[in-house]
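A short write-up of the structure that comes next.
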Amino acid sequence: MGEVKIYGDRVSKSLTMNQDFLASWNELWIKCPWATIFQSSDFLLTWFDCFPDYKPTFITDWDGTSMTGLWVLTEVDGTFLAPGFDLAEYQVWLSTSEKQAGFIEAGLKVFSRVFPTHSIYLKYIPNPTPLGVFGKSTFLKSRTVWRPYQQPLMLVEKALLQEELKKKNRKEKINRLKRLGSLGFRKTIDLETFKSQIDEMALQSDFRRGALYNKTFFHDEPLRKEFLLRLFALGHVHVTTLSVDDTLIASNAGIMGPNVVHLQGINSHSPFYSKHSPGILHFLMLGVALAEEGIPVFDLTPGGADGYKSILANRQETAYEWWFGPRPFAFKTRTIESLKFKIKTRLEQKPIFGLDWQGFQDKIQTSRSNIKKWTRVLRAKPSYATHFLNEIKDKGADLDATGELRSAAPTTEISALKIEKNRIQDLFYWQEEKAGIPRNELFLDCLNRIEFGQQMFTVMEGESLIGIAWFVPSDAKMHAQEARNQSSERPPIMLCSCYQLGREKDIMALLHEVLSEVPADLQPKVRFQFSPKQKSLQALILRSQA
Numbered sequence: 001m002g003e004v005k006i007y008g009d010r011v012s013k014s015l016t017m018n019q020d021f022l023a024s025w026n027e028l029w030i031k032c033p034w035a036t037i038f039q040s041s042d043f044l045l046t047w048f049d050c051f052p053d054y055k056p057t058f059i060t061d062w063d064g065t066s067m068t069g070l071w072v073l074t075e076v077d078g079t080f081l082a083p084g085f086d087l088a089e090y091q092v093w094l095s096t097s098e099k100q101a102g103f104i105e106a107g108l109k110v111f112s113r114v115f116p117t118h119s120i121y122l123k124y125i126p127n128p129t130p131l132g133v134f135g136k137s138t139f140l141k142s143r144t145v146w147r148p149y150q151q152p153l154m155l156v157e158k159a160l161l162q163e164e165l166k167k168k169n170r171k172e173k174i175n176r177l178k179r180l181g182s183l184g185f186r187k188t189i190d191l192e193t194f195k196s197q198i199d200e201m202a203l204q205s206d207f208r209r210g211a212l213y214n215k216t217f218f219h220d221e222p223l224r225k226e227f228l229l230r231l232f233a234l235g236h237v238h239v240t241t242l243s244v245d246d247t248l249i250a251s252n253a254g255i256m257g258p259n260v261v262h263l264q265g266i267n268s269h270s271p272f273y274s275k276h277s278p279g280i281l282h283f284l285m286l287g288v289a290l291a292e293e294g295i296p297v298f299d300l301t302p303g304g305a306d307g308y309k310s311i312l313a314n315r316q317e318t319a320y321e322w323w324f325g326p327r328p329f330a331f332k333t334r335t336i337e338s339l340k341f342k343i344k345t346r347l348e349q350k351p352i353f354g355l356d357w358q359g360f361q362d363k364i365q366t367s368r369s370n371i372k373k374w375t376r377v378l379r380a381k382p383s384y385a386t387h388f389l390n391e392i393k394d395k396g397a398d399l400d401a402t403g404e405l406r407s408a409a410p411t412t413e414i415s416a417l418k419i420e421k422n423r424i425q426d427l428f429y430w431q432e433e434k435a436g437i438p439r440n441e442l443f444l445d446c447l448n449r450i451e452f453g454q455q456m457f458t459v460m461e462g463e464s465l466i467g468i469a470w471f472v473p474s475d476a477k478m479h480a481q482e483a484r485n486q487s488s489e490r491p492p493i494m495l496c497s498c499y500q501l502g503r504e505k506d507i508m509a510l511l512h513e514v515l516s517e518v519p520a521d522l523q524p525k526v527r528f529q530f531s532p533k534q535k536s537l538q539a540l541i542l543r544s545q546a
């Protein structure tokens with residue numbers, strides 16, 4: 001093994017253009033027993049090319065002709081991370097089985113000399129990466145912190161997956177989907193088709209993740225789509241879709257390594273079809289397809305095996321979150337992680353104030369989001385005042401002769417307003433900095449309503465979302481507090497969940513459009529619900545024309 005050295009931006013850039021270096025990198029990647037696609041030159045160099053603000057740092061014993069160890073990192077605010085960040089599901093160094101212990105210890109000693117105040121963070125280090133040296137080396141042990149995670153895997157077995165799809169509840173959902181149109185599971189094999197699919201796939205993924213985790217990766221970083229398209233062209237992304245006619249209802253674009261597809265890239269399903277469980281149906285069909293292709297493993301990625309992962313996983317491994325740095329840094333990190341573990345264990349055994357571990361994390365996230373005060377926007381709250389439209393008409397409200405709401409001379413010309421039905425992408429134009437209502441709360445409310453069967457209507461002015469209204473059919477679910485005191489045979493309902501203050505007349509245009517979508521025979525039965533704080537809107541609707 002040659003001397004282990006660190007190469008920064010200028011030298012590392014020249015190395016990436018050195019064909020001998022690239023050939024040795026590829027050879028080592030093939031030989032390394034624990035290597036994943038996320039350490040390949042295809043993955044890493046494509047990522048650096050797509051995200052040029054990040055520069056590679058190489059830790060390697062490259063001697064000009066060969067290497068037995070290579071670790072690629074990039075620096076962000078004093079911390080060295082694995083290139084690809086969350087797109088690189090597994091983050092490790094490359095080495096040979098014989099040289100790995102010596103390489104990793106020598107590499108981290110060099111790192112500590114060159115960057116004495118910096119740290120390294122990896123998430124996740126997968127099985128079967130050899131980690132014994134960290135317990136044997138005093139130098140490494142005192143500077144290293146670990147946190148284990150479950151690493152669920154699906155070892156694909158075609159017969160078992162087919163039996164799962166034949167179970168009564170799955171079969172019923174498949175048949176219901178078939179009654180809606182032509183149901184098709186397909187593998188995408190050409191780049192142009194993937195280009196035509198990726199926007200909708202990313203939108204569905206961002207909407208759900210934005211609601212549940214306040215993460216909208218593709219909206220915030222559009223270059224992620226370009227990165228996946230380029231990886232697909234290199235043969236490293238496995239794409240499948242489930243559609244009803246031409247409507248995408250579930251998808252997976254998984255980054256693919258030798259003999260494995262990772263649940264990392266894009267996975268999505270349409271909220272408008274949630275009651276049919278298209279996500280789990282697609283995953284089961286994907287498992288059958290992988291078995292037919294001779295791909296033995298579908299990696300469900302670390303972080304637990306709850307929900308759909310508990311249905312799919314038939315093997316559990318352990319992966320690790322990992323920190324390395326100066327002793328004071330390691331001590332602080334170890335203390336914080338220990339405290340987190342104790343809190344999590346306590347909450348899993350017995351919730352506190354009704355909060356489990358996930359609820360505790362959500363509460364922290366919500367508290368952070370609510371630092372901004374709620375201004376200029378009204379949001380629908382529980383305990384609605386309700387009015388039948390025929391009652392409003394009796395009071396001389398702003399209705400036309402047919403009982404429909406008039407647009408009532410909006411503050412902006414109607415031609416400048418754009419009203420759409422069930423258009424998720426409009427929600428991304430919510431101006432949180434003006435509104436004060438956190439985007440993730442808005443997304444979660446909309447996600448729940450859509451999955452309940454409520455129909456969404458948005459009104460846009462340019463690139464600003466003015467408000468959101470809903471039509472709730474009699475057979476659609478409602479939030480528990482909204483449905484309080486409602487009979488089992490309630491009438492259809494209209495409501496406005498949120499809008500910008502001062503735009504009440506424009507909301508009238510929106511409500512007019514919502515009501516126009518209701519069958520004529522149901523319009524007299526429609527009840528409108530107000531939040532107690534929507535007094536301006538309520539007054540406008542109830543105001544006499546006299």
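Be aware that the sequence shown starts at 1, since it is given in full-length UniProt numbering, and climbs by one per residue. The C-beta atom is built at its ideal place from N, Cα and C for all residues, glycine as well.
- Beta-bridge analysis with DSSP links R327 to no other residue.
- Counting of Cβ neighbours within 10 angstroms places V76 among the exposed residues, the total staying below 16.
- Residue Q151 holds the alpha-carbon nearest to the alpha-carbon of D306 among I59, I125, S24 and Q151.
- Annotation for E513: the continuous alpha helix (DSSP H) segment containing it runs E504 to S516.
- If the five residues before and after R439 are omitted, its C-beta is found closer than 7 Å to the C-beta atoms of G210, W430 and E432, all from its own chain and listed in chain order.
- In this structure the region 281 to 288 touches the region 146 to 166; the number of beta carbon pairs closer than 8 Å is three or more.
- Under the DSSP assignment, A520 falls outside any alpha helix (DSSP H); it carries neither an H nor an E label.
- Distances from the alpha-carbon of E420 to those of L122, E441, K178 and G462 put G462 closest.
- The shortest CA-to-CA distance from D9 to any of T46, A23, E3 and P52 is the one to P52.
- The C-alpha of V133 is placed about 21 Å away from the C-alpha of V114.
- DSSP, read as helix, strand or coil, puts P271 in helix.
- Secondary structure note for F443: its alpha helix (DSSP H) is the uninterrupted segment R439 to E451.
- For G467, the number of other beta carbons within 10 angstroms of its own is at least 16, and it is reported as buried.
- Shown here, G132 sits in a helix according to DSSP, grouped into three states.
- Listed as beta-bridge partners of A250 by DSSP are L242 and H269.
- Collapsing the DSSP output to three states places D61 in coil.
- Residue environment for Q316: exposed (fewer than 16 other C-beta atoms within 10 angstroms of its C-beta).
- The Cβ atoms of G254 and V261 lie closer than 8 Å to each other.
- Fewer than three pairs of CB atoms, one per stretch, sit closer than 8 Å, so the region 41 to 55 makes no contact with the region 108 to 126.
- In the three-state reduction of the DSSP assignment, S497 falls in the strand class.
- DSSP lists E420 and I468 as the bridge partner or partners of T458.
- Here the alpha carbon of N448 sits roughly 21 Å from the alpha carbon of L511.
- For P296, the closest C-alpha among the options M256, G325 and A416 is that of M256.
- For L203, same chain residues with a beta-carbon under 7 Å away, outside a window of 5 residues either side, are I424 and Q425 in chain order.
- Here F185 is bridged, per DSSP, to L242.
- Closest option to L515, judged by alpha-carbon separation, among M494, L300, S196 and D445: M494.
- Per DSSP, P152 lies in no alpha helix (DSSP H); the unbroken beta strand (DSSP E) holding it starts and ends at T144 to L155.
- Going by DSSP, S137 is part of no alpha helix (DSSP H) at all; its letter is neither H nor E.
- Per DSSP, the continuous beta strand (DSSP E) segment holding W71 begins and ends at G69 to V76.
- For S338, the closest of D42, R147 and F139 by C-alpha to C-alpha distance is R147.
- The beta-carbon distance between T16 and L45, rounded to whole angstroms, is 6 Å. This is short enough to meet the 8 Å contact definition.
- For V297, there is no enclosing alpha helix (DSSP H); the enclosing beta strand (DSSP E) has its first and last residue at V297 to D299.
- By the neighbour-count criterion, in which 16 or more other beta carbons inside 10 Å mark a residue as buried, P473 falls on the exposed side.
- Listed in chain order, the non-local C-beta contacts of K418 below 6 Å within the same chain comprise M460, local neighbours out to five positions each way being set aside.
- T247 and T193 have their C-alpha atoms roughly 14 Å apart.
- Within the same chain, Y124, Y149, Q150, Q151 and A319 come within 7 Å of P302 by CB-CB distance, once the 5 residues on both sides are set aside.
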